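Here's the structure, in structure tokens; my notes come after.
2 protein chains.
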Amino acid sequence: MRIIVQKFGGTSVANLECMLKVLEKNREILDKGVKLVVVLSAMAGETNRLLAMAKQWSKNPDPWELDALVATGEQVSVALYAMLLKERGIRTRSVLAHQVEILTDCTAGRARILGINAERIMELLKDHDILVVAGFQGCDIRQRITTLGRGGSDTSAVALAAALKAEICEIFTDVDGVYTTDPNICPRARKINRITYDEMLEMASMGAKVLQIRSVEFAKKYQVPVHVRSTFSNEPGTIVTKEEEGMEEALVSSIAYDKDQARVTLMDVNDEPGVAANIFGPISDANIVVDMIVQNPSREGRTDMTFTVPRGDLEPTIAIINRIKKDIGAKAMVHDAQVSKVSIIGVGMRNHSGVAAMAFTALKNEGINILMISTSEIKISILLDEKYTELAVRTLHEAFGLDRPESSIFCEGA
Amino acid sequence: MRIIVQKFGGTSVANLECMLKVLEKNREILDKGVKLVVVLSAMAGETNRLLAMAKQWSKNPDPWELDALVATGEQVSVALYAMLLKERGIRTRSVLAHQVEILTDCTAGRARILGINAERIMELLKDHDILVVAGFQGCDIRQRITTLGRGGSDTSAVALAAALKAEICEIFTDVDGVYTTDPNICPRARKINRITYDEMLEMASMGAKVLQIRSVEFAKKYQVPVHVRSTFSNEPGTIVTKEEEGMEEALVSSIAYDKDQARVTLMDVNDEPGVAANIFGPISDANIVVDMIVQNPSREGRTDMTFTVPRGDLEPTIAIINRIKKDIGAKAMVHDAQVSKVSIIGVGMRNHSGVAAMAFTALKNEGINILMISTSEIKISILLDEKYTELAVRTLHEAFGLDRPESSIFCEGA
């Protein structure tokens, strides 16, 4: 049995007219004699409407009840869409998470999928050509409704594709794919034809606007090819896939940026074993995620320690440091909330040297000062004064040839 | 463990303010150390909003998908209300039909409850003081969502009370009880303190505005005392219960009416075995419910047959008769859509003669002509020209002393 999973986001099911476009996408697959699992999000605006109600009912809504509440959004979508299909004579039905045991852990609001009853779904696919599955929701071992966090329908779709060994998981959305950078700040940004799971993961917050990060982790783990594309056009979008030959030519595939950054420097800290744990332990205990960390070489048993946190976490971070600064022997603390991070991403970096040098030169030529650098195998992240963000993105985008059409050796080899 | 079931209809949970009134009703019970099962309907207007959407999506919505759609209404109510309770420190949670196996038959839209996992609910009641259960919904053996028909939350509540052997099932609504007749047409109508299951069932359409008929059948079968009362007052309402001593003094407890009536007379039908089956078989096959039937005594092997159907079914009934009139040998058919039915109801009738005669005399004195009569053990129904409906109701209400306060022998013995 050939199976394809298609997922449609909130803007793709916003109203009857949109759902008729979804039907067109489904028909292309059905006409090939392939069975379809269609995963739907809540209609655009519906989840926010429900969350606003919850806030009215309770200042701090119980997370389990919140899940039971917002899960109705997807239930409405799948019931309406299944009606639409049935009226057109298509063998179909709606499917809720508990009906096919999309089992998650017992975490309200951001549950992780543990398993899916694939046998049950295969059974249903015998009698139906399309199963319309509610995305975003799961159920835990005690039969309670859970949800997978914002963008969780992406993960529902990829998990279903993995469980059913589907040929591909198509994610339909209101953008036409993954771009070399944010087209809003760099008009010459291009749509990427193919990108690896790892690159997509490194794009972090920028990529997350297109796909929930967890869905990419899932896709990578189970090697599910994911096709991100637009509901409102027939053009192919971006294939997220494992690394393949031909892709290696791509040195850099995209430039990401993140303005939600703040920097903290602790000066003249005692450089002794365990000092990093003493600083970052309490910060982590407060659920604050530290991103970049730089420790200067030690001088006379003392060092400077610089790190970044999300901007909204700067105040609590300062409070924590003030509490522990005696223990760590810090002489002073400076902080800056006006910084941003620009990242250069590409699997090709692994086999090519000189990417960092190219980046630094390009930025220098524009007079942009680098505040911090951190590197991984396929990503170079640079912290800058926030005011340079857009300029830096455009400069790097051009420096690595991402402006140019596909044939360049700098482009992803599609 | 002492348990009480309280059910609140759509107008009682219409908004946050209303739900706070529900909380007051709950607290009275909680404060006595009694565990509560609270059954909620969808917020007023919500079910209609969802049905209207369905109609937009499909001219003839699939009944299973319709159930999945409208069941979200109750899910929203219970999640919001549970949030409200939790914020106030009450040990509670929302409960959906499939979570406690409110098992129904496989009939979408008007399913019947087959069983409830009482053990599971008792288990939950150990850790919770209030369980907030979604009314109206059930699930079938295949885990699909079903709904119990309009007013189905009443049946949910009574079924839960029966399964849990609750002390009482309190149905909170926007009226303050069951009345001796419709106060809109008879200002002297009084609230009834106690009424039997059978009387409530005979009130049919008039009673159904207060309680879903099926819930009364359920209550009668499992001997669940039901208290119908107002969310918006502290006055006691009407207790629906089994027949008890003291109640027998009540000759007549209420006057009901139904304007949704049409009459058909077939003249000069062959009076031979099976003729009734030949007429009413095809009508029943068309899902038309025949109410009153009168067959005149046979004259020379021929008879007249008169019956009533809901007014909206008159046209299809005429079409059916025209199709079969040759077979049954009917000479002519007359019909009248301007008729209504007035009923006198009371368990006391069973042991008292003369009720019918009293009724006929009272109507005669007002010059009201009787078109048809049918009687059961505890009900006399009279078909009249529609224009006399209100006058007949008021006349009978007064004739049987229902205008007078409770002490009269004609009143229900409260």
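Chains as they are written, first to last, in this note's numbering: chain W, 2 to 415; chain C, 2 to 415. Don't be surprised by glycine CBs; every beta carbon is placed ideally from N, CA and C. Computed from a prediction, not measured in an experiment: that's the story for all the values here.
- If you compare the alpha carbons of W:R300, W:V159, W:P298 and W:I321 with that of W:N288, the shortest gap goes to W:I321.
- Here C:C19 is buried. Its C-beta has 16 or more other C-beta atoms within 10 Å.
- Going by beta carbons, C:L86 and C:L70 fall outside the 8 Å limit.
- Listed along chain W, the residues sitting closer than 7 Å to C:V77 by beta-carbon distance are L70 and T73.
- Residue-level contact check: C:K87 touches chain W, since one or more beta carbons of chain W fall below 8 Å from its beta carbon.
- Membership of W:A278 in the alpha helix (DSSP H) is indicated by the continuous run V276 to D286.
- Secondary structure at C:K8: strand, using DSSP grouped into helix, strand and coil.
- For C:H99, a Cβ of chain W is located within less than 8 Å of the residue's own Cβ.
- Listed along chain W is no residue with a C-beta nearer than 9 Å to that of C:Q7; the closest approach is about 19 Å.
- W:V159 is a Cβ neighbour of W:F219, given a cutoff of 8 Å.
- Assignment of beta strand (DSSP E) within the segment 201-237 of chain W, counting only whole runs of 3 or more residues, yields 227-231 in chain order.
- Excluding sequence positions up to five before and after C:G116, its CB lies within less than 7 Å of the CB of L104, all in the same chain and listed in chain order.
- The beta carbon of C:K60 falls within 8 Å of a beta carbon belonging to chain W, placing the residue at that interface.
- Those residues of the segment 145-165 of chain W placed with their C-beta closer than 8 Å to a C-beta in chain C are R145 and I146, ordered along the chain.
- Contact annotation: C:Q138 and C:A80 have beta-carbon atoms that are not nearer than 8 Å.
- Exposure of C:I142 is indicated by the presence of fewer than 16 other C-beta atoms within 10 angstroms of its C-beta.
- Listed by position along chain C, the residues whose Cβ is nearer than 8 Å to that of W:L17 are Q57 and W58.
- C:T93 is bridged by DSSP to C:I131.
- Distance from the CA of C:V270 to the CA of C:G302, rounded to the nearest whole angstrom, comes to 9 Å.
- DSSP places C:H99 in the helix class (H, G or I) of the three-state scheme.
- When the five nearest sequence neighbours on each side are left out, the beta carbons in the same chain lying within less than 8 Å of the beta carbon of W:E273 are those of G302, in order along the chain.
- One Cα belongs to C:L24, the other to W:N49, and the distance between them is close to 26 Å.
- Listed along chain W, the residues sitting closer than 7 Å to C:S95 by beta-carbon distance are E66 and A69.
- Note: C:M306 is bridge-paired with C:L267 and C:Q296 in the DSSP secondary-structure output.
- If you draw a straight line from the Cα of C:N297 to the Cα of C:T307, it comes to about 8 Å.
- For W:D261, same chain residues with a beta-carbon under 6 Å away, outside a window of 5 residues either side, are P311 and R312 in chain order.
- Going by beta carbons, C:T156 and C:I114 fall inside the 8 Å limit.
- Within the segment 142-175 of chain W, the complete beta strand (DSSP E) segments of 3 residues or longer fall at 146-148 and 170-174, listed in chain order.
- Scanning chain W for C-beta atoms nearer than 8 Å to the C-beta of C:D63 yields A83, M84, K87 and E88, reported in chain order.
- W:M334 has a beta carbon lying at 8 Å or more from every beta carbon in chain C.
- W:G238 counts as buried, since at least 16 other C-beta atoms from the protein chains shown sit within 10 angstroms of its C-beta.
- In the three-state reduction of the DSSP assignment, W:V241 falls in the strand class.
- Cβ-Cβ distances below 8 Å link W:N61 to nothing in the same chain once the five nearest sequence neighbours on each side are left out.
- Between C:R145 and C:W65, the C-beta gap is smaller than 8 Å, which places the two residues in contact.
- A straight-line Cα-Cα distance of about 31 Å links W:K243 and W:T309.
- Given a length threshold of 4 residues, each whole run of the alpha helix (DSSP H) inside the segment 23-98 of chain W is given here in chain order: 47-58 and 64-88.
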